[in-house]
Structure formats: C-alpha cells, structure tokens
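Numbering (UniProt numbering), first residue to last: 1 to 268.
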Amino acid sequence: MFGLIAIAASAVIFLVPFLFVVLQAAKTPGEASSLAFSWPTEWRFLPNLVDVLQANDGIILRAFLNSSVLTVVSVVLTTLLAAMAGYVLERRPSRWGTVINFFVLAGLIVPPAVVPTIWVLQGVGLFKTMLGMILIETTFGLSFNILLFRAFMRTIPRELDEAALIDGAGPIRLFLRVVLPLLRPVVVTVVVVQAVAVFNDFANPLYFFPGDENATVQLTLYQFQGQNLSYYNLLFMDILLITIPPLVMYVFFNRQIVAGLTSGAVKG
C-alpha cells in the first residue's frame, strides 16, 4: 500500500512539472507570460520549436554540439581515470593510501575555487577553451566516481587477479582484459550519472567557458529571458529540448544505475 502511494506521489512530482513545461512551450508569448497551468488556446508547438532553433543564428545547435563534445570526452576520461584509481586504491594498498583517500574525500567536501581556477587556466592558456572545460569537468567528477568504482571492486574476487598474473598478464592487460569487463554495471552508472551532470552543468561553463561561440545548452536559457522582455514560450521550449536527452538516458538505463549504485554496499 505504502509502495503504491510512494509511486503515485513520485509520478505527480515528476510528471506535473514536465506537463507544465510542455504546455508553456506550446503557447503564444502572451499566454505563456501568465505562467498559468492551462491548456493553450492556440497550439504553437512547431512554430516555437523553429523559433528556438533559429534564435541568435542557431545558437542552440552550436550549444548542443559543444555540450555533446564536452560531455562525451569528459565522461570517457572520468570513467577511465576513476576506474583505474579505484582499482589501484582497492587492490594495491600502500602507505600513501591514507593521504590519497583524504584528497579523494576532500574533492567531495571542499567547494571549487572559481577565481584561482580561472587564474590557473589563464596561466596555462586553457581559459575559454574546450580542452580546459573538459579538464574541469573531468576533475570535478573524479572523487565521487572513484568511490563508486572502489566499492564495486570489492565484489570482484582477488583470485581472478592472481589467475591472470599466473597466466602471464601484465598490469595493464589485467585491468583492461579481466577487471574492466566485470565493471560493466558501475561503468554504466558512472557514464549515465556523469553525462547528465555535465550536460546539465550551468555554473562551470558560465565561469570557465564564456562566450556565445562556446555556449552550452544550459547557457542558452539566457537568450529568451532578459531584464525588460522575456519570451516564456521559447524559454520553456528550450527547457524541453534540454530535458529530453538526460530523460531518455535515465529511462533506458535506470536499472543499471540502481545496480551500479548499490553494488558493493554488501560484501560477500
């Protein structure tokens, strides 16, 4: 009974706001400005979609390209680095383990320092560049994902490592051919969660990747809302377009996400 109530409450919490966005995206500018939860008197879904795609010389298309490149490259780097770090920390304990664990946890607790980070990026010539933004997203996502991989690594028997070493596998081959395929559930979890986080990131591109030519999807929301005039129908259409990719990922990979997050919680 309580489960059904929880499911119904969750459906209301998530579906009602989504329906509100769809209705506002289909309204005229005058109707949308009232922000009323009502049925549109005139459906303008396709015209609003065209207006959003053509706004500011197609900035939304450039933003989707920038966000896609940023998301794919940073997620690949984060997944590989976090998997290797989690493997080494779990399988190869050393006297530096306590220090490394401190810095991993510090990455979750200590907030990013914006001004010093900008100063460093300017010093190495990576400010306002895609490479610099990729490194920022990769670094900020490492700590949490290292902990996920390390927890999952405890479920993999050490005997597999020993058997591979006896067969002549080196460290790199052992990790890539034996360990990494067994990490598939947590890899899917990290890829989906990190991809959604990077794709929906607003603050970091605003600080470290400014400029219309560098716009990401979240920054395009500024195009339709200003101090004196706001086009709420186009704003909500933009929100709808931005929401679709993460929503599709969660719909298709929700079971893998749960499996990856809960693996390693119970050992044995």
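Don't be surprised by glycine CBs; every beta carbon is placed ideally from N, CA and C.
Sub-7 Å separation of residue i and residue j beta-carbons
i	j	result
L235	V21	no
S143	G107	yes
F149	A82	yes
T216	T138	no
V198	T71	yes
A63	T220	yes
V120	Y207	no
Alpha-carbon spacing of residue i relative to residue j, whole angstroms
i	j	result
A55	Q194	29 Å
L19	A25	10 Å
E213	L65	11 Å
V69	M1	45 Å
E90	P29	56 Å
F209	W96	35 Å
V266	I156	At V266 the pLDDT is 46, less than 50, meaning the model places this residue with poor confidence and gives no usable figure here.
Q218	L247	15 Å
T98	F14	41 Å
G168	L49	58 Å
P17	N145	30 Å
I134	M153	26 Å
T189	L80	13 Å
G170	L61	45 Å
R44	L23	10 Å
G211	P205	9 Å
S94	I100	10 Å
Identity of the residues DSSP links to residue i by a beta bridge
i	result
Q225	S230
Where residue i falls, given that 16 or more other Cβ within 10 Å makes a residue buried
i	result
G132	buried
G268	Low confidence applies to G268: its pLDDT is 43, below 50, so where it sits in the model is not reliable, and the reading given next is rough at best. The residue is exposed, with fewer than 16 neighbouring Cβ atoms inside 10 Å.
D57	exposed
residue 292	Only positions 1 to 268 of the chain appear in the structure, and residue 292 is not among them; the question remains open.
F102	exposed
V104	buried
*Please list the segments of the alpha helix (DSSP H) lying wholly inside the stretch 93–125, counting only runs of 4 or more residues, in order along the chain.*
97–109, 114–123
_To test your reading of the DSSP string, which unbroken beta strand (DSSP E) runs of 3 or more residues are found completely within the stretch 43–88?_
Counting only runs of 3 or more residues that sit fully inside the stretch 43–88, no beta strand (DSSP E) segment turns up.
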